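Protein chains in written order, with the working numbering: chain A, -9 to 411; chain B, 113 to 591.
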Amino acid sequence: MKYDVIVVGGGPAGLAAAVEASKNGADKILVVERDQELGGILNQCIHNGFGLHYFKEELTGPEYANKFIEMLAKTNIEVMLDTMVLDVDEEKKCVHAMNKKNGYMVLEGKALILNMGCRERTRGAIAIPGDRPAGVFTAGAAQRYVNIEGYMVGKKVLILGSGDIGLIMARRMSLEGAKVVGCVELCPYSNGLTRNIVQCLEDYDIPLYLSHTITDIKGDKRVEQVTVQKVDEKNQPIPGTEIIFDVDTVLLSVGLIPENELTRAAGITMDPRTNGPVVFENMETSAEGIFASGNVVHVHDLVDFVTAESQKAGRSAAEYVKNGEAEDQTYIELKNGDCVGYTVPQKIRPANVDKMVEVMFRVRNVYRDVAIKVTSGGEELASFKREHMAPGEMEKIVIPKAFLDKVKNGEITVSVEKVGA
Amino acid sequence: MYDVAIIGAGITGCSIAYELGKYNVNAVVIEKENDVAVGTTKANSAIIHGGYDPIPGSLMAKYNIRGNQYIKELCKKLDVPFKQIGALIVAFEEKEEKTLEELKQRGEKNGVPDMEIWDQETLRKEEPNISEKAIKALFSPNVGIISPWELAIALGEMAALNGVEFKLNTEVTDIKKNNDSYEIKTNNGTVEAKYICNAAGVNADKVNEYTNKKSFTIKPNKGEYYLLDKSQGELVNHVIFQCPNKYGKGVLVSPTVHGNLIVGPNSQPTDGDDVSTSTDGLSFVRNTALKSVPGINFRESIRNFAGVRARTKEDDFFIFEDEENKGFFNISGMASPGLSSAPAIAVDLLKMMEESGLCLEAKKEIKDERKVNRFKKLSDEERAALIKENPLYGKIICRCETVTEGEIVDAIHRPIPATSIDAVKRRCNAGMGRCQGGFCGPRVQEIISRELNIPLEDVPQDRVGMNIITGETKTGGAR
């Protein structure tokens, strides 16, 4: 039995990709999800703020997921829950998967879409020194305990990192009666969305310590005391700036890592800047017929953008199943110029571009009054003004096809420059 | 009344229990924590040393050589992860070349087989990622990497299956000598035994002095480590040591038997139970390791930890029967190569106890083989068959390490049951991977709660009291 499209992961990315592939004519579609329900991490995100871009209304995470689960229910898409994918065979486009009911399966697809999402960085990843008592959680793990299992994970809480999940959990823990004593951020700016800083910290009088980090955790069985220090420009702790917090819990919101173990093992080309696969304009990876979208490609700020990107992957997979690969595989490489951390896609095949191509990217630092420059061989193709740019906010530009035709050396550079410079 | 009471269930205590299990001896192991192998045994370099380092004639030299052989046999029989990958002791300057020669001679005197000195060319060929500044190396092929806690757990399990009793959560508070037996007071009642084996590791001097005169002092010494993701696990092919100096065997870089990269340790005097890591310690470990292998990507760190060496100032093991209090045996000062030596020491210790009057009558039948289902290591066909036999093996709980519910349930119901999330981790690797239990921790907690029929809130991270949950939310969530 061969599927047209196998979607690995049933979170927001997988749902959107599967539904869109179905809409665009792919017939036999399978979604493989490791959890016992569809929706992925959205199920534990019970706060609102989802869907403003896509549905033009404010939804909670489960509501947002449910809209797609309902769309999927109206199609003939097959879903396997509680099923773990162990291997992706890049050449045969096989997926090795297993569950309790069906046992060990080798599933074949004409196209695959990788939608495995991302995971949180842990204490070990950032090497926080000190004792190793209970009470140090990643914010997402704590969120699951509180919102899904109904258990509290602490009474007096310090948060490290001002990523969005950390901010959301600051508010959530406060609402549940815990005392959140502060949010500590290594960077001189916050990495979360501005609206979350306001609604989750300021509204609850939770101080934000910028350019600070945790330098020690003390506690025998449970966290008892945490030392926070100010850091210099090189992120080194400054002696004499110690602040001691007596807390029983530390929540970490220190970054997300695309979960690409399957991708790597399949030998698909990776981009060290995104920690995700290198993708073309249609979200195809270096392996023909294998697509990827959502947080597995690069970490997004908003689920709405995950949806849009995954719809593109779904459409492309359906197109591939119908017509195969475009004949002209000539591609333009997107180079990162000044101040740009990465771009997605990394490669554009003009033959596959209809009217225009969207390029997502992040900047390396906080900038004011700048212009995004798109150049090729020293020649400026386009320029977009921005009042404010920050690493915490993903940028999007649209490059018309006409501009791609002007590219001569096979390269486009995206950079950010001070206006007037 | 027991014939023998073993105090401490680390690698030493479990090795003695394993050997005693072969005889008709009524033995008990007393351990203050809720599991075996949770002290120094779980936090060390995870190396079975070659035996070129100890001073010839020392107990360390004798038992390291014997243990190196015996452990290979045990790992095979008891299904404990072990790989003999060999070690390289690397010289970076001319005067260190002399150290290599000395070590080689010392090793040969101790009985280490097949050692070789490699020139720069051979070294670079066999270890392409070694520093360009490395000029020579001593190769000791008999060195291995091991899962140390799994060895202790396996030995403990066999002992338990062969009738040795394990009293966990039982801390010795005092020992009294009666006419021909000892009264061991604990927080969990009094245990009476004719013989005592003091295998209390870092606390061995304290336990000794409950009844005996001071005869040795443990000077705890801490070592801090980095454990890196499997992405770094193939950076080196051997255990890479630098030349030993006054701080010990120095910082090593080695693959682990689980496929990760281990880097460490430093060496710091410490209090008995302090296993905290420090900014300075970790930074020393990082910088020193980069001298051997400049390409280590520390951004791939998944865990830091520290372990405590039960060192003595004499820098040798103390294995003896107390002169005044007959039947009281100390097996102490088990600093490196303690792990490599403990199983061989246990064999000799039984002889010493027999000479002291313990009757060792071999059991007619004993269990001496163990097989653990490790889903990850199976072929596709074996996996399919196992899931058919028990569907719990069809559900992955730990995504990073590919550990199934079947393996976790098995870990919980072993002869020495796993009652904490970390105890499950030590038996089947769930939570050992890159996300460090972020995903599987709560699920493992649920499975323990279900299998042992204890409230979820009472399942600790590791030791008793390391509670994860502090209460219910206002509405009790979606449960």
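All C-beta atoms in this analysis are idealised placements derived from N, C-alpha and C, irrespective of residue type, glycine included. All values reported here derive from a predicted model rather than from experimental measurement.
For Thr302(B), which of Glu435(B), Ala117(B), Ile330(B) and Val536(B) has the nearest alpha-carbon?
Locating residue 302(B) in the second sequence gives position 190, counting from the first residue. Considering only alpha carbons, the answer is Ala117(B).
Same chain, Cβ closer than 6 Å to Val141(B), neighbours up to 5 away in sequence not counted
Reading the second sequence from its first residue, position 29 is the one you call residue 141(B). Around Val141(B): Ile118, Ala121, Gly125, Ala129 and Phe278.
How about Lys154(B): is its C-beta nearer than 8 Å to some C-beta of chain A?
Here residue 154(B) corresponds to residue number 42 of the second sequence, with the count starting at 1. Chain A, which has no Cβ nearer than 8 Å to the Cβ of Lys154(B), makes this no.
How about Pro123(A) and Thr205(A): do their beta carbons lie closer than 8 Å?
For the purposes of this step, residue 123(A) is identified with residue 133 of the first sequence, where counting begins at 1. For the purposes of this step, residue 205(A) is identified with residue 215 of the first sequence, where counting begins at 1. For Pro123(A) and Thr205(A), no; Cβs fall outside 8 Å.
Which full runs of the alpha helix (DSSP H) of 4+ residues lie inside the segment 144 to 229 of chain B, going along the chain?
171 to 190 and 206 to 222
The segment 209 to 229 of chain A: positions lying closer than 9 Å to chain B by Cβ:
Asp210, Lys211, Arg212 and Pro227
Using a beta-carbon distance below 8 Å, is Arg24(A) in contact with chain B?
Within the first sequence, residue 24(A) is the residue found at index 34, counting from 1. Closer than 8 Å to some Cβ of chain B, the Cβ of Arg24(A) qualifies, so yes.
Is there a C-beta anywhere in chain B that falls below 8 Å from the one on Tyr141(A)?
The residue labelled residue 141(A) in the question sits at position 151 within the first sequence. Yes, its Cβ sits closer than 8 Å to a Cβ of chain B.
Helix, strand or coil at Asp210(A) [DSSP, three-state]:
By 1-based counting over the first sequence, the position of residue 210(A) is 220. In the three-state reduction of the DSSP assignment, Asp210(A) falls in the coil class.
Tell me the rounded alpha-carbon separation between Leu340(B) and Gly114(A).
What you label residue 340(B) is simply residue 228 of the second sequence in a count that begins at 1. What you label residue 114(A) is simply residue 124 of the first sequence in a count that begins at 1. C-alpha separation (whole angstroms): 9 Å.
Between Ser306(A) and Val343(A), what straight-line distance do the alpha-carbon atoms span, to the nearest angstrom?
Position 316 of the first sequence, counted from the first residue, corresponds to residue 306(A). Position 353 of the first sequence, counted from the first residue, corresponds to residue 343(A). If you draw a straight line from the Cα of Ser306(A) to the Cα of Val343(A), it is about 11 Å long.
Within 8 Å of any Cβ in chain A, is that where the Cβ of Asp492(B) sits?
The residue labelled residue 492(B) in the question sits at position 380 within the second sequence. Asp492(B) belongs to the set of residues whose beta carbon lies under 8 Å from a beta carbon in chain A.
Supposed contact pair Leu200(B) and His350(B) - C-beta distance, whole angstroms, cut 8 Å:
The residue you call residue 350(B) lines up with position 238 of the second sequence. The residue you call residue 200(B) lines up with position 88 of the second sequence. That pair is a contact at about 5 Å.
Per-residue contacts from Ile499(B) into chain A (C-beta, under 8 Å)
As a first step, residue 499(B) is located in the second sequence; it is residue number 387 there, counting from the start. For the C-beta of Ile499(B), the chain A residues within less than 8 Å are, from N- to C-terminus, Met88, Lys90, Gly93 and Tyr94.
How about Pro390(A) and Met350(A): are their beta carbons less than 8 Å apart?
For the purposes of this step, residue 390(A) is taken as residue 400 along the first sequence, with counting starting at 1. For the purposes of this step, residue 350(A) is taken as residue 360 along the first sequence, with counting starting at 1. No. Outside cutoff.
What is the residue span of the alpha helix (DSSP H) that Gln573(B) lies within?
Indexing the second sequence from 1 puts residue 573(B) at position 461. Taken as a continuous stretch (DSSP letters only), Gln573(B) belongs to no alpha helix (DSSP H), as it is neither H nor E.
Classify Pro449(B) as helix, strand or coil using the three-state DSSP reduction.
Within the second sequence, residue 449(B) is the residue found at index 337, counting from 1. Per DSSP, reduced to three states, the secondary structure at Pro449(B) is coil, with no helix or strand assignment.
Pull up the DSSP beta-bridge partners for Met173(A), would you.
Residue numbering aside, residue 173(A) sits at position 183 when the first sequence is read from its first letter. Before going further, note that residue 173(A) is Cys rather than Met in the sequence given. Partner(s): Ile149(A) and Leu198(A).
Mind listing the chain A neighbours of Arg511(B)? Cutoff is C-beta to C-beta under 8 Å, in chain order.
As a working note, residue 511(B) is residue 399 in the second sequence. Per Cβ cutoff of 8 Å: Arg24 and Met74.
Residue(s) in a DSSP beta bridge with Glu389(B)
For the purposes of this step, residue 389(B) is taken as the residue at position 277 of the second sequence. Glu is not the amino acid found at residue 389(B); the sequence shown has Thr there. Gly120(A).
Pick out whichever of Lys375(A), Ile187(A), Ile322(A) and Arg339(A) has its Cα sitting closest to the Cα of Gly400(A).
The sequence position of residue 400(A) within the first sequence is 410, counting from 1. Taking only the C-alpha atoms, the option nearest Gly400(A) is Ile322(A).
Counting C-beta neighbours from all protein chains within 10 Å, is the total for Ile566(B) 16 or more, i.e. buried, or is it exposed?
For the purposes of this step, residue 566(B) is identified with residue 454 of the second sequence, where counting begins at 1. That one is exposed.
Contained alpha helix (DSSP H) runs [length at least 4] in the segment 522 to 548 of chain B, N- to C-terminal order
For the segment 522 to 548 of chain B, whole alpha helix (DSSP H) runs of length 4 or above, ordered along the chain, are 533 to 540.
Taking 8 Å as the threshold, find out whether the segment 192 to 206 of chain B comes into contact with the segment 242 to 257 of chain B through three or more Cβ pairs.
yes
Residues that Leu394(B) contacts on chain A, provided the C-beta gap is smaller than 7 Å
Your numbering for residue 394(B) matches position 282 in the second sequence. Those within 7 Å of Leu394(B) in chain A are Ala117 and Pro119.
Check whether Val148(B) and Gly345(B) have beta carbons under 8 Å apart
The sequence position of residue 148(B) within the second sequence is 36, counting from 1. The sequence position of residue 345(B) within the second sequence is 233, counting from 1. Taking 8 Å as the Cβ cut-off, Val148(B) and Gly345(B) do not qualify as a contacting pair.
Quick one: residues in its chain with C-beta nearer than 7 Å to the C-beta of Thr282(B), no 5 flanking neighbours on either side, listed in chain order?
Locating residue 282(B) in the second sequence gives position 170, where the first residue counts as 1. Result list for Thr282(B): Ile142, Glu143, Lys144, Thr298, Asn299 and Asn300, in chain order.
How would you write the range of the alpha helix (DSSP H) that Tyr310(A) sits in, first residue to last?
One-based indexing of the first sequence puts residue 310(A) at position 320. For Tyr310(A), the enclosing alpha helix (DSSP H) covers residues Val293 to Asn313.
Since Pro2(A) is in the alpha helix (DSSP H), which residue starts that stretch and which ends it?
Residue numbering aside, residue 2(A) sits at position 12 when the first sequence is read from its first letter. That run of the alpha helix (DSSP H) goes Pro2 to Lys13.
Nearest to Ile98(B) by CA position, among Val536(B), Gly151(B), Glu214(B) and Lys221(B), is which residue?
Nothing about residue 98(B) can be read from this structure; chain B reaches only from 113 to 591.
Comparing the C-beta of Pro123(A) with each C-beta of chain B, is any distance below 8 Å?
Taking the first sequence and counting its residues from 1, the one referred to as residue 123(A) is at position 133. At least one chain B Cβ lies under 8 Å of Pro123(A).
C-beta atoms of Leu347(B) and Leu373(B) nearer than 8 Å
For this step, residue 347(B) is matched to residue 235 along the second sequence. For this step, residue 373(B) is matched to residue 261 along the second sequence. Yes, they are a contact pair.
Proximity test, Cβ basis, 8 Å: Arg134(A) and chain B:
Position 144 of the first sequence, counted from the start, is the residue given in the question as residue 134(A). Yes, Arg134(A) lies at the interface with chain B (some Cβ there is under 8 Å from its Cβ).
If contact means a Cβ-Cβ distance below 7 Å, which residues of the segment 145 to 161 of chain A contact chain C?
Of the chains in the structure shown, none is chain C; the protein chains are A and B.
For the segment 433 to 467 of chain B, which residues have a beta carbon sitting closer than 8 Å to at least one beta carbon of chain A?
none
Taking the alpha carbon of Ile234(A) as the point to measure from, which residue in Lys224(A), Gly245(A) and Lys220(A) has its own alpha carbon closest?
Position 244 of the first sequence, counted from the first residue, corresponds to residue 234(A). Of Lys224(A), Gly245(A) and Lys220(A), the residue nearest in Cα terms is Lys220(A).
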